[in-house]
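Notes to accompany the following structure.
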Amino acid sequence: MIREDFIAWVMRRKTKECFAFENSGTLEPPPAPDKPIHLYIHIPFCAELCPYCSFHRVQFSESQAREYFHALKKELRMYHERGYAFSGVYIGGGTPTILPEELLGLIDNLQKDFSPHEISVETNPDRLDVHLLKMLADAGVKRVSVGIQTFSDRILKSVGRYDKYGSGTVLKQKLMEAKGFVNTLNADMIYNFPIQTAEMLEQDLDILTDVGPDQITFYPLMVSDITRGRMKSLMGNVTHRTEKLFFHQILSRLEEAYQPGSAWCFSKRGTSMIDEYIVMNDEYVGAGSGAFGLVGGGIYANTFSLQAYGRLIDQGKFPLFARKLFSVRELAGYAFLMGLFGLSLDLESFRRRFGAPLWRLIGPETLFFLLAGGVRIEGGKLRLTRRGRYYWVVMMREFFTGVDDFRDLSREAAGIQKL
Ligand code: SF4
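If you read the sequence shown in this note's numbering, its first letter stands for residue -17, the second for the next number, and so on.
As structure tokens, then:
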């Protein structure tokens, strides 16, 4: 674990630098790129707020959510008027399906203004039914990702999901019924809960292989500075010692029927795959409160305050509150991280994009991972090895934890309750 601990330490430092935003009063997005890019839309409302979660989420209130969807449509119109074009859309949260008719209205607007090739929607199991899936498929949604997390009743009860989102048996049933409506049905899973044992994980894997969703995303539990204390009082310390063992347990169970789509995503052989938008896209816009965008060589964040979000949109202003412009070296580092998270990096495309070979911009890191057996060069690509997949789980865990810490601070500054 010394190597993994070192990788985690370096990644933590790099992420801190990456998220050292220059705060600013009112910001404008950069000029529209000359080709369509991706769009991320954030819907922050949830019926139940899970204790381990550091996403930007708030307790559901119907009137507030309706106002929010209204503002969101205006924000997207502003991007349209600026000449932005979007080829793909990822709607995440929170719970995007919390008000199905509002979500469908939003998708209708997206289709009219941008005609994206693909739309991916996250949902919680309590909002998942056959009727909604049919409507989403008819509206052009290609991928639905269901937040299962685990089928273990003991863990579900400990994190407060059992009553609101259903027992392990209910979750299995819901997932079973959801098959076959969209191109890709993804089960979002979490492993390495402090009370989880190898047997409990094995049970999750048994159910998943039995149900056979098109795609499974298995994240390690990620805790920010704030959620770490909360999880400790509920379940005990979150340790990374079991994470590696569990990851290899997952790999060996899933690799027979699923092929890797990213370091922690598994897709059924022969199915079309839409993986995480940050892997597949060099640039994307973030819309909605607390959303991030990476566009025009910089990372942008929207305000985390729902009140400020609504007010700024009403005034016809973009709700952007922070920006960090990247150097070429930083952008190249980001492309290296995300490319290999998606399993390979094309060396010629990298050289064309950054005007210099990988060795000149990311030399020490590449050499480190070559020597550590995490990557290999093959067919003009740098490819992640089996060992490297776990290194990248560590890197992405630290990256997303850094993002979560930034979210926590921003939410606190916006006066949002901690739970
Ligand atoms: S884990 Fe999902 S349901 Fe729970 S608070 Fe976070 S976004 Fe909401």
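Even glycine gets a Cβ: it sits at the ideal position worked out from N, Cα and C.
Bridge partner(s) assigned by DSSP for residue i
i: residue 28; result: 41
i: residue 22; result: 72 and 268
i: residue 53; result: None; residue 53 has no bridge partner.
i: residue 277; result: 280
i: residue 327; result: 364
i: residue 166; result: 125
i: residue -16; result: Answer by DSSP bridge pairing: none, since residue -16 is not bridged.
i: residue 371; result: DSSP lists no partner for residue 371.
i: residue 171; result: 131 and 200
i: residue 359; result: 364
Inter-residue spacing [alpha-carbon to alpha-carbon] between residue i and residue j
i: residue 109; j: residue 79; result: 6 Å
i: residue 377; j: residue 335; result: 23 Å
i: residue 45; j: residue 83; result: 14 Å
i: residue -15; j: residue 73; result: 36 Å
i: residue 190; j: residue 228; result: 15 Å
i: residue 42; j: residue 77; result: 9 Å
i: residue 57; j: residue 245; result: 33 Å
i: residue 126; j: residue 196; result: 10 Å
i: residue 287; j: residue 379; result: 26 Å
i: residue 23; j: residue 179; result: 35 Å
i: residue 221; j: residue 204; result: 10 Å
i: residue 152; j: residue 368; result: 34 Å
i: residue 347; j: residue 356; result: 11 Å
i: residue 342; j: residue 310; result: 12 Å
i: residue 157; j: residue 138; result: 16 Å
i: residue 375; j: residue 202; result: 8 Å
i: residue 363; j: residue 249; result: 21 Å
i: residue 237; j: residue 243; result: 11 Å
i: residue 38; j: residue 241; result: 31 Å
i: residue 338; j: residue 313; result: 13 Å
i: residue 307; j: residue 284; result: 15 Å
i: residue 122; j: residue 112; result: 16 Å
i: residue -8; j: residue -2; result: 10 Å
i: residue 63; j: residue -6; result: 38 Å
i: residue 71; j: residue 100; result: 6 Å
i: residue 212; j: residue 75; result: 21 Å
i: residue -4; j: residue 155; result: 42 Å
i: residue 226; j: residue 95; result: 45 Å
i: residue 33; j: residue 47; result: 22 Å
i: residue 85; j: residue 282; result: 24 Å
i: residue 391; j: residue 162; result: 41 Å
Nearest-angstrom beta carbon gap, residue j and residue i [assumed within contact, 8 Å]
i: residue 188; j: residue 129; result: Residue 188 to residue 129, Cβ: 20 Å. No contact.
i: residue 174; j: residue 224; result: 6 Å
i: residue 265; j: residue 11; result: Not really, about 11 Å apart at Cβ, beyond 8 Å.
i: residue 1; j: residue 388; result: 4 Å
i: residue 359; j: residue 315; result: The Cβ separation is near 19 Å, so there is no contact.
i: residue 146; j: residue 29; result: 5 Å
i: residue 141; j: residue 118; result: At roughly 27 Å, the Cβ-Cβ gap does not stay under 8 Å, so residue 141 and residue 118 are not in contact.
i: residue 305; j: residue 280; result: 5 Å
i: residue 365; j: residue 329; result: 11 Å between Cβ atoms; not a contact.
i: residue 303; j: residue 9; result: 7 Å
i: residue 51; j: residue 98; result: With a Cβ gap of about 18 Å, residue 51 and residue 98 do not count as contacting.
i: residue 149; j: residue 185; result: 13 Å between Cβ atoms; not a contact.
i: residue 26; j: residue 272; result: 6 Å
i: residue 54; j: residue 21; result: Actually they do not touch by this definition, with Cβ atoms about 11 Å apart.
i: residue 165; j: residue 124; result: 5 Å
i: residue 351; j: residue 370; result: 7 Å
Next item on the list: Would you list, in sequence order, the uninterrupted alpha helix (DSSP H) runs of no fewer than 4 residues that lie entirely inside the region 72 to 156?
Entry: 82 to 96, 112 to 120, 135 to 140 and 144 to 147
Next item on the list: Counting only runs of 3+ residues fully inside the region 198 to 251, write out the beta strand (DSSP E) ranges in chain order.
Entry: 240 to 244 and 247 to 250
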